[in-house]
Structure formats: C-alpha cells, structure tokens
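Structure record follows, encoded as structure tokens.
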Amino acid sequence: MNYSSNIQAAKLATLPPWRSRLLFVLLLFGMGALIVRAVYLQSIHNNFLQQKGNARSSRVIDISAHRGMISDRNGEPLAISTPVESIWISPQDVAATPQQVNQLARIMGMDIKEVKSRLFDTTRDFVYLQRQLPPEQAEKIVKLGVPGVSLRREYRRYYPGGGITAHLLGFTDVDDNGQEGLELALQNQLGGKAGSQRVIKDRKGHIVEDVASIRAPKPGSNLVLSIDSKIQYLAYREIKLAVEQHNAKAGSIVVLDAKSGEVLALANWPSYNPNNRAKSNLQVLRNHAVTDLFEPGSTLKPFTVAAALETGNVTPQTIINTENGVILVGGHKIHDTHPEEALTVAQVIQKSSNVGAAKIALSLPPETIWQSLNDSGFGTQAGSGFPGEAAGKLRDYKKWRPIEQATLSYGHGISVSLLQLARAYTIFANNGELKPVSWLKLDAPVSGKKVYSDATAREILNMLEMAVLPGGTAPLAQINGYRVAGKTGTAHKLEGGHYINRYISSFVGLAPASSPRLIVAVMINEPNNGQYYGGMVAAPVFSNVMGAALRLLNVPNDTRLGNVLMPPSVDIVKEEV
Amino acid sequence: MTRVHLLLLLMVIVCALSVVTSQNKARKLFAELQKEKDRAQQMEVEWGQLQLEQSTWAMPARVEKIAVDKLQMQLPKGRQIQFIRAEELNAALTQP
Chain A
1 MNYSSNIQAA KLATLPPWRS RLLFVLLLFG MGALIVRAVY LQSIHNNFLQ
51 QKGNARSSRV IDISAHRGMI SDRNGEPLAI STPVESIWIS PQDVAATPQQ
101 VNQLARIMGM DIKEVKSRLF DTTRDFVYLQ RQLPPEQAEK IVKLGVPGVS
151 LRREYRRYYP GGGITAHLLG FTDVDDNGQE GLELALQNQL GGKAGSQRVI
201 KDRKGHIVED VASIRAPKPG SNLVLSIDSK IQYLAYREIK LAVEQHNAKA
251 GSIVVLDAKS GEVLALANWP SYNPNNRAKS NLQVLRNHAV TDLFEPGSTL
301 KPFTVAAALE TGNVTPQTII NTENGVILVG GHKIHDTHPE EALTVAQVIQ
351 KSSNVGAAKI ALSLPPETIW QSLNDSGFGT QAGSGFPGEA AGKLRDYKKW
401 RPIEQATLSY GHGISVSLLQ LARAYTIFAN NGELKPVSWL KLDAPVSGKK
451 VYSDATAREI LNMLEMAVLP GGTAPLAQIN GYRVAGKTGT AHKLEGGHYI
501 NRYISSFVGL APASSPRLIV AVMINEPNNG QYYGGMVAAP VFSNVMGAAL
551 RLLNVPNDTR LGNVLMPPSV DIVKEEV
Chain B
1001 MTRVHLLLLL MVIVCALSVV TSQNKARKLF AELQKEKDRA QQMEVEWGQL
1051 QLEQSTWAMP ARVEKIAVDK LQMQLPKGRQ IQFIRAEELN AALTQP
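Order-wise, the sequence lines are chains A and B.
Under our numbering, residues 1 to 577 are what the first sequence spells out, in order.
Under our numbering, residues 1001 to 1096 are what the second sequence spells out, in order.
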C-alpha cells in the first residue's frame, strides 16, 4: 500500500461517522482517567506522598548549646567550654580498606586491633570511636572519607588555672554536666539546653530552607564568681609550700571578704589537675575546706568569751583565777602549757588559756553557750550551696555534762569546717553581724544576722589583736604595715573515739585590725616535722597570704612600717592542746 | 472581555514567575546566612581558644617566675617602701 492511493481513496469516500465518535470517546476516557488519578493523588493519597517527600529533603537538626563560662571577679576566665569533635560510626555502613584503618588508628592514637573491633562490630548501630578530639585531628579523619564514619560536635571544659582552682570549681563529665564543686552547684545556670530545628536540605546536604524552629537553643549563662584569681593563686602557693615544709597530710585555706562574706579564695593541697583527671584518686578530689570536719581547738575561744561578755557578768578586765594552770572538772584534768596564777579575760584569749576559757564557760548556763555558737553558724550548714557542704556537729546543750561544757569552750567536742570557721569570724569584722557566704560576686552589700553587740565584737577584736603581738600565741602572724587580729588553734586528732598524738594546726585572722577587709583561715592537717602549734605552723601561712593580698587590693597601711616585733622564739606562748 | 482575560492571564504568569525568582533568592540568601552563622560560630570557638591561650600565658606562676628569674624583680623590703598620703602630697604641691 502506498500513501498516494490512500489519499485518493479518502477524497473519494467520506469516513464512516463512528470512527470519529470512537476516537472522541477514547480521548474522553483518557482524560477521565487522568482526572481520577489526579484527584486520587492530590487528595486521597496526599498524606502519604507528602510524608515521603519530606523524608527525602526535610530534616530535624540539633543545635548544640555550650556551657556558660566561669570567670573570676575581675573577668579572668576560670572555666571555658570549647568545642571538640567526637567520632562515631555506624558499623553496618562502614567500608574501610586496611590502609584506612591504619590511618584512622594513627590519627587517633589508638590500637589498631581496638579500632578494628569497633569498626566491624556489626551487632551495634552506633559506636563512639573516639570522644572529644581536637578539631584539627577530627578534620584529618573527615579527609580520609571513610563511609560510615561521622562527626558529632561536643563541648569540653578547660580550666586554665589547673590545680589552683580544682577543688573550688570541680569538674564536668564527658557530656559537660557538672559533677563536683561549683560546676555542680551552679549547674542550672551554667548548663546549656540544646535546641532543634526543622530544615530542608538539598541533595548535597546543604541546608536550603529554614522551615521552623522546634526548640530554640539556650546557651548556659556566664557566671562571675567572687574569687580573685590572684589571691587564689597566692593562697594555693602558700598552702602547698606549708604542707610540704611541714610534711603534713593536707592543708586548706579560705580567704573571705570580711565585709561582704564573699569567698575570695579557697584552696587545698594536695590538689589535682581537672584538665586531666586520669591519675587523680577519690581522696584528692575532696574539698577539705568545705566538706571535711575537724575539732577547731582554741580558734573557738573567742565565741565562748563573747557569750560571757554579752551576759554582762564579765568585762575584758575581769580577773579569772587560773589555778596555776590545772583544774579538775568532773574528774578530768584541764591544764595549760603556760601555767599562770590569774589572767584577765582578755589575757585568756591572748595566751589561749584552756583553764581560763573553761572557767568562763562553766560560769554560764549551757544554753547561753549553745545559743552563742549556734548563732555564729556552728552546727548548721553555712548555706553556701556547695555540694557536700558539711554542717558540723554541735550537740544539744540539754545533754552536756560539765566536762563537755568545759572542753567545748576551747573547741573540743565540736566539729566545724574551715569555711564555717572563717565565716563565723565575719562577726568580729562587722560589729557583731554574721554575714552569709557567697561564691558569686555581689553588687550590693548583704545584711547579715546580728549575733553580738557592737561593743562585744570590738572588745573581742582587741583581744584577738593582743594574741598576735609579742606575749600572745601568734607573733608569727604579724604583717609589716598592718595591724592583725587573729587566733591560733591546735587540736589533737580524734581517731576511733580517742585523742591521739597527731594534730591539726589552724589559724584564723582578720586584717587590717582597724577596719578588717579580709579574713584568712588556715588549717594544716598532721604537721609532721616536729612543730605542730598553730602559732608556728599555720600563722606564717596566714601572714604571707594576708600581707600579699592586702597589698594586691591596695589597702592602705593602718600602722607604721616596721611594726613587726618578734620575741625570741623560745618566748612564743604555746597554747595547750 | 477577551482583552481583560488576556491581561489577567499575563498578570498571573508574571506573578508566578516572580514567586519562583523570589523563592530562589530567598534560598540563596538563606545559604549565605547559614555560612555567616557558621563563621560566627567558628569565631566564637577561636575566641574561646584565644582566651584559654591568653590565660595560660598569664598564669601567675609563669609571670612570677619570669619576673624573678628573667627580670630580677623582687618585693621591696620594709625600708624600701615609702608611703605618700594624698593630703601631704597636695599640701607639698600647693606650697612652692
């Protein structure tokens, strides 16, 4: 058949009408089918299709939020979170050549066998290969381009101060949550909350559209502590030196702002490096100054005497018969190393006489003494919010026997933490007002609780100043150019209910005495080099730290330079322990 | 009538095209924004690292060591310190 003949035929005869009708009906059907299909896809099957479409391009991504920075009162950083990369793998997708495995192991510094066992452990969907790598190292791993190996951004905490601020700040775990110290105490403010966001990604994984924010990320807030990093360093250096020099077991030091109760420094030795805790054991992590209790010894005497002065029964000049240094209370002997026939109340503090303190205490009702100590913050938590803060033990006065009341007057049979003790001395710096402890920098002065009258606080401060001058127990605590007030303490350690011949030496002091700016409390646990009196072991640490800190803070001198008067060392009054 | 229809059709086409171009523009701008955000984050990271570095260099122990060993500095002893009170200084300055 050829075309020309066909055309000719068409011209000759008209086509039968059914053919065009059939064609029309077929087309109509075709269109109907398309419409039905369209309706089906657009409305009935719509949800499913939309879902599939989204699954191919829409993604929910996490936006990590970093932990807030901790800085000292002058803005020096103490703890910073910087991003690091963690390498994770989904073993089912891993396809690595032996060469690549070798390279991976080399970059991460891991054992090849270990890497292999993790890479090809197909029973698991998600395995961390290495956590917290520096970004440069992570970049090298990405460049290897091994399928199934991915990065995940995390944050790691760095402490520029290292061991100096270790106990104070504590540390965070691998997920950047606070575990110890202030990191734990202030977790709520510091911790960031990761957010998430729905986005559309293209074929190459680039984000092309920001659809909606599901949860906005909340970075942790930056905190400004009350710590002064220069004083902190000083305190740490001196306590470390003293512990090493006296071959002691441990030592702690607390520096408070006398007027506001802010903690300016808090250090312990031995310490650890929070940036690398691999070698530190549990014992070294303890913040002795806050969580450990000890019997304060004579550093408690000012509170006994203050209670007596408050009742009005005695004045600083009242003479106490100290019975040549020995008295019997309930069959127990109390004695002084430096026996005296009689001392004034002020001299009881100056010479740290146990007999004198016991006699003053026994002249008072037990409730008065208990109230005085309780109001000064002993036996209750200082409320600083530090994790593991010790409350100390102050027994109920209703159960006291006379001997207990007598020994309590010079700091035995009661346990306190160093922070508590330092805080209690804010009373003598603030006209009888006990200030709350603060770890954060305060903008406005806080009011405390009035414990003693102005006159009592001033009289005690004068007595404490006498204790530091020649004739007292702590001439080594003197500072060139500043008047100092302070009290030594030496206590036998308790072990299994018995006092043993190991000691805790302490010193708490305020300066400048004319208007105290700082309180420094020092505690040395088991000095082992022959000397153990607080006036010999702890007082020099106080003097070094306090002197340097006052100069750092530009506190004007309140006495002439060259005021330091040292008695020959044999004449230093040793307190009874 | 047909003229109005044609005009409307034209407007619809123009609108449709502008939707497409603005969508495209928006995506481009968003990509740029994303890039800038990444840069901001990178800078923040760098800032943190620089802060760390700075505080490492400025560690009191290091400063002290350099001051003592290299610069041979020392704390002035008692007699080397002279205090000048502000009032005395002012009095001395006003008197010729």
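All residues carry an ideal CB built from backbone N, CA and C; glycine is no exception.
query                                                                                                                                                                               : result
Of all the options A:R458, A:A33 and A:S543, which has the alpha carbon lying nearest to the alpha carbon of A:T426?                                                                : A:R458
Beta-carbon within less than 6 Å of A:D176's beta-carbon, same chain only, minus the 5 sequence neighbours each way: which residues are those?                                      : R67 and Y155
Decide if B:M1011 is buried, meaning its Cβ has at least 16 other Cβ atoms within 10 Å, or exposed.                                                                                 : exposed
Using the beta-carbon of each residue, which ones in chain A are nearer than 8 Å to B:T1056?                                                                                        : P160
In whole angstroms, what separates the C-alpha of A:R56 from that of B:L1017?                                                                                                       : 26 Å
Considering only their Cβ atoms, is the gap separating A:G192 from A:E216 smaller than 7 Å?                                                                                         : According to the sequence as given, residue 216 of chain A is Ala; it is not Glu. No, they are not a contact pair.
Count the CB pairs spanning the region 553–566 of chain A and the region 481–497 of chain A that are closer than 8 Å, and state whether there are at least three.                   : yes
Quick one: list the residues of chain A neighbouring B:I972, beta-carbon separation under 7 Å, in chain order.                                                                      : The requested residue 972 of chain B is not part of the displayed model; chain B covers only 1001 to 1096.
State the Cα-Cα distance for the pair B:G1048 and A:K259, rounded to the nearest angstrom.                                                                                          : 34 Å
A:V210 versus chain B: which residues are under 9 Å apart at the beta carbon?                                                                                                       : Position check: residue 210 of chain A holds Asp in this sequence, whereas Val was assumed. By Cβ distance, chain B contributes F1030, L1033 and Q1034.
Going along the chain, which residues of the region 66–89 of chain A sit with their C-beta nearer than 9 Å to a C-beta in chain B?                                                  : H66, M69, E76, P77, L78, I80, S81, T82 and P83
Are the CB atoms of A:M546 and A:A491 nearer to each other than 7 Å?                                                                                                                : no
If you draw a straight line from the alpha carbon of A:I319 to that of A:A358, how long is it in whole angstroms?                                                                   : 14 Å
So what does DSSP say about A:N268, is it helix, strand or coil?                                                                                                                    : strand
Kindly list the residues whose CB is nearer than 6 Å to the CB of A:G178, restricted to its own chain and excluding five residues on each side of it in sequence; keep chain order. : T172, L184 and Q187
According to DSSP, A:K218 sits in a beta bridge with which residue or residues?                                                                                                     : A:K193
Taking contact to mean at least 3 C-beta pairs separated by less than 8 Å, is the region 396–415 of chain A in contact with the region 222–232 of chain A?                          : no
Of the residues A:L469, A:L442 and A:W370, which one's Cα is nearest the Cα of A:K399?                                                                                              : A:W370
Please list the terminal residues of the continuous alpha helix (DSSP H) segment that includes B:T1094.                                                                             : A1086 to T1094
Could you name the residues of chain A that B:R1027 contacts, counting a contact when the two beta carbons are closer than 8 Å?                                                     : V208 and E209
With DSSP as the reference, identify every bridge partner of A:N321, one or two as the case may be.                                                                                 : A:A342
Helix, strand or coil: how does DSSP classify A:F24 here?                                                                                                                           : helix
Where does the unbroken beta strand (DSSP E) through A:A250 begin, and where does it stop?                                                                                          : A250 to D257
Could you name the residues of the same chain whose beta carbon sits closer than 8 Å to that of A:M1, not counting the 5 residues immediately before and after it, in chain order?  : Because A:M1 carries a pLDDT of 47, less than 50, the predicted location of this residue cannot be relied on, and the following value inherits that uncertainty. So no residue of the chain qualifies.
Taking all protein chains shown into account, do 16 or more other C-beta atoms lie within 10 angstroms of the C-beta of A:P219, making it buried, or fewer, making it exposed?      : buried
Taking only three categories from DSSP, how would you classify A:M1?                                                                                                                : Low local confidence applies: a pLDDT of 47 at A:M1 is under 50, so the model's placement there is unreliable, and no value is given.
Which value, in whole angstroms, describes the spacing of the CA atoms of A:T291 and A:L104?                                                                                        : 45 Å
Is the distance from the Cβ of A:R157 to the Cβ of A:A267 below 7 Å?                                                                                                                : no
List, in chain order, every chain A residue whose beta-carbon is nearer than 7 Å to that of B:P1060.                                                                                : K230 and Y233
Output needed in chain order: residues of the region 539–561 of chain A with a Cβ under 7 Å from some Cβ in chain B.                                                                : N557 and L561
What does DSSP give as the partner residues of B:P1044 in its beta bridges?                                                                                                         : For clarity, residue 1044 of chain B is Glu in the given sequence; the question names Pro instead. DSSP output for B:E1044 lists no bridge partner at all.
Alpha carbon to alpha carbon, how far is A:Q283 from A:Q347?                                                                                                                        : 40 Å
Is it buried or exposed, A:W439, if we count other Cβ atoms within 10 angstroms and call 16 or more buried?                                                                         : buried
What first and last residue would you give for the beta strand (DSSP E) that runs through A:G486?                                                                                   : A485 to E495
Just how far apart, CA to CA, sit A:V208 and A:L28?                                                                                                                                 : 42 Å
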